[in-house]
Amino acid sequence: MAMKFEKTGEGTYVLDVCGFVCPHPQIYTKKSLEKISEGETLEVIFDNPSSKETIIQMCEQAGHELLEEKTEGGKLVLKIEKG
Amino acid sequence: MQDEEKRNKIWAFIITGVLILISMLYYSVNMYYIYLIVYIWFGFAYGMMLQYGRFCFASASRDLFAAGVPRMAVGIMIALVFFSLVQAFLASTNMSTFHPAPFGIHMLISGVIFGIGMVLAGGCASGSLYKIGEGNATSILAVIFGLSIGQSVFVDTGGIFNKLVPQSWMDAAHKTQEAIKTYSNIDIPLNSWFDFYLVGYVWNKPTYMIADLISNGRPTTMDYFIGNALINAILPAILLLVVIYYFYARKGFIKKRRKKKGSTGLSDELAGMWNMITASKRTSMMGVLVGITAGLHILAMKGMQNKFGINNFGQLLTRMGYTGDVSLKGTVFDPGYWYITTQEGQFGAWLLEKFGWNMHDNMFFGYVNGIPELWRNPALWMSLGIIFGAMVMARLNNEFKFKWPKGELYIWGIGGGLLMGFGSRPSLGCNIGAFFIRAAGGDPNGWVYGTGMVLGAFIGVKFFNWWTERKMAKEMEAF
């Protein structure tokens, strides 16, 4: 399935888990955040609305900052800075 | 984008309008169908609330173990507290349709199987229905192949599986068969392993309700509130909230407080608890509403039963001449409250019978639940109501998107659905019927099943963690 975790620039990563449903987007996001360093950013692209609340609360709990939240053509995009 | 929003709103109106038309059509055919209509609209309300609150029992333990997020576990505890209070009130006024279930280790084992299944499938029994409403086809696979067909085959299988049944269950089942034949002239079918399990084992297990236990079987209003609500639901819910706070939410909150104030005390701990409860307002708010709605649902169903002088919809079907719909004892599955899995098993059985498989020769369908035509199956309409209610809410929030499963999701959807189907039958219920309703109704079985579900979810999460790491390391260059 088209899923990717890529480094897009200096300290920036993108995780695309479109097509995946619970619990995959939240688990992949957690694993990706564990992989990157503090201060780096991760853009998570997904289309499973049920995962959104969990990812946002996971970031709050872990001290990551949610920099941006947007919807693009049925896809949800969360930009997170690892804290 | 605006066009899409407009389209979504139109769809929401069309779905709601069609359900209104269906309801009117049913009522115009026979006023008895008001019973079925009540199920449709409570289902619709559940669906809207579940989707809006992302209310999924799988998410409760899974997100806690996998991501350290207590949102859903908190929401369920809130719903449980409110539902238990309404239940206690209804029980004390003799307006409850709830009955405790046979108590035993089978509840725990069932819960573990169901717990693993719900994590793999990505949603519990009720969660899978609302996710179908969001366009999630993995959940369609879980519901059709697992909860429906899988479940019906599970209760009808005999042959080699009967050889695994203990002789004591067989003897006890045959004894009961004789007794029922003498007493009501019904020859109950004893063919599948589940028949012997149900009649020879489960039916011989005791049932408990805390209000009865603390009042020697003569509960007063106070006993219902103290026994069923406070002891069996509210205190365990508070205890669980404290445990969840301590292990998952306290650290971060107190760290922030210490940074700000220097030292912390009890007031900060309480503030931390409150912060955890209100962290996801939409889930907590829906917890309150789901709890109250589930209580009102019981009230409405009991009201219908009193109005028509019945205790099961099968009696109305018989009055209307649909005797083929009902079981040997004249009943159909009609829980009288929020319930998910049995009606899906009936759907599976109905489907398999169209292919020539006799599904009436077992206790589950033949003697207890019947197999009504789909359009006359009240509880199945509740499940459809949940799907359409969730679909309307998802459309209104522009969150509907059809996602056809690919690759591994086929395996997780079907495999998880099958485990959920297998894990909901021996316990006579799922996350709703076996856990939520029973825990709120004073039946300690609810917690036995709930413990099993959490254990199962833990195993499921451990598996997914291993799977995810392996997959990311293998397939993603940057990982």
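First to last, the protein sequences are chains X and S. Position 1, counted from 1, in the first sequence is what our numbering calls 1; the numbers after and before it change by one each time, with no gaps. Numbers in our numbering are just positions in the second sequence, counted from 1, shifted up by 1000. In this text, a Cβ means the ideal position worked out from N, Cα and C, and glycines have one as well.
Legend entry - Cα-Cα separation, L1374/S to L1317/S: 13 Å
Inset, instruction - Closer than 6 Å by C-beta to S1148/S: which residues in its own chain qualify, once you throw out the five before and the five after it? Chain order, please. - result: E1344, F1347 and G1348
Inset, instruction - Kindly examine the ligand HEM and report whether one of its heavy atoms sits closer than 7 Å to the Cβ of F1347/S. - result: Looking at this structure, you won't find the ligand HEM or any other ligand, since it has none at all.
Legend entry - With 16 other Cβ atoms within 10 Å as the buried cut-off, status of W1169/S: buried
Inset, instruction - Could you spell out where the beta strand (DSSP E) holding E65/X opens and where it closes? - result: E65 to E72
Inset, instruction - Give the interface partners of M1476/S over in chain X, defined as CB-CB distance under 7 Å, in chain order. - result: K4 and F5
Legend entry - M1301/S versus G1295/S: straight-line alpha-carbon distance, rounded: 10 Å
Inset, instruction - Tell me E81/X's beta-bridge partners as DSSP assigns them. - result: T41/X and E65/X
Inset, instruction - Have a look at A1249/S, I1387/S, V1392/S and L1351/S and flag the residue whose alpha-carbon is nearest the alpha-carbon of P1372/S. - result: L1351/S
Legend entry - Short Cβ contact (8 Å threshold) for V1081/S with A1233/S: yes
Inset, instruction - Express the C-alpha separation of T1342/S and F1333/S in angstroms, rounding to a whole number. - result: 7 Å
Inset, instruction - Verify the CB distance criterion: does D1063/S have a CB-CB separation below 8 Å to chain X? - result: yes
Inset, instruction - Run the CB neighbour count on L15/X, radius 10 Å, all protein chains shown included, and call it buried at 16 or more, exposed below. - result: buried
Inset, instruction - Would you verify that the beta carbon of S50/X is, or is not, closer than 8 Å to some beta carbon of chain S? - result: yes
Legend entry - Paired residues, beta bridge with P1102/S - DSSP: T1207/S
Inset, instruction - Check each candidate in A1073/S, V1038/S, R1438/S and K1256/S and name the one with the smallest Cα separation from I1244/S. - result: A1073/S
Legend entry - Collapsed DSSP secondary structure at Y1337/S in the structure displayed: coil
Legend entry - R1250/S versus M1276/S, I1238/S and A1229/S, residue with shortest Cα-Cα distance: M1276/S
Inset, instruction - Say whether chain X places a C-beta atom closer than 8 Å to the C-beta of A1066/S. - result: yes
Legend entry - Range covered by the beta strand (DSSP E) that runs through F5/X: K4 to G9
Legend entry - Exposure label - S1184/S; buried when at least 16 CB within 10 Å: exposed
Legend entry - Min CB distance P25/X to chain S below 8 Å: no
Legend entry - Spatial distance of H64/X from D1003/S (CA atoms): 35 Å
Legend entry - Local Cβ density within 10 Å of Q1051/S, reported as buried at 16 or more and exposed below that: buried
Inset, instruction - Can you pull the chain X residues whose beta carbon is under 7 Å from the beta carbon of R1438/S, in chain order? - result: Correct list: empty, because the minimum Cβ distance to chain X is about 25 Å.
Legend entry - Beta-carbon neighbours of E53/X, restricted to chain S and to distances below 8 Å: R1054, R1071, S1280, R1282 and T1283
Legend entry - Extent of the continuous alpha helix (DSSP H) to which L1025/S belongs: Q1002 to V1029
Inset, instruction - Using a Cβ-Cβ cut-off of 8 Å, state whether E1485/S counts as contacting chain X. - result: An answer regarding residue 1485/S cannot be provided, because it is not within the stretch 1001 to 1479 covered by chain S.
Inset, instruction - Report yes if the C-beta distance between I1386/S and F1098/S is below 8 Å; otherwise report no. - result: no
Legend entry - Neighbouring residues, chain X, relative to S1059/S (Cβ below 8 Å): C22, P23, S50 and T54
Inset, instruction - Any chance you could list the alpha helix (DSSP H) runs of at least 4 consecutive residues sitting entirely within the region 1205 to 1278 of chain S, in chain order? - result: 1210 to 1213, 1235 to 1244, 1250 to 1261 and 1266 to 1278
Legend entry - Boundaries (first-last residue) of the beta strand (DSSP E) holding D16/X: T12 to D16
Legend entry - Spatial distance of Y1208/S from P1444/S (CA atoms): 7 Å
Inset, instruction - Leaving aside the five residues before and after Y1367/S along the sequence, list all residues of the same chain whose C-beta is less than 7 Å from its C-beta, in chain order. - result: I1188, P1189, S1327, L1328 and K1329
Legend entry - Residue from A1390/S, V1119/S, I1254/S and W1203/S whose Cα sits closest to the Cα of Y1130/S: A1390/S
Legend entry - Simplified DSSP state of K1329/S, which is helix, strand or coil: coil
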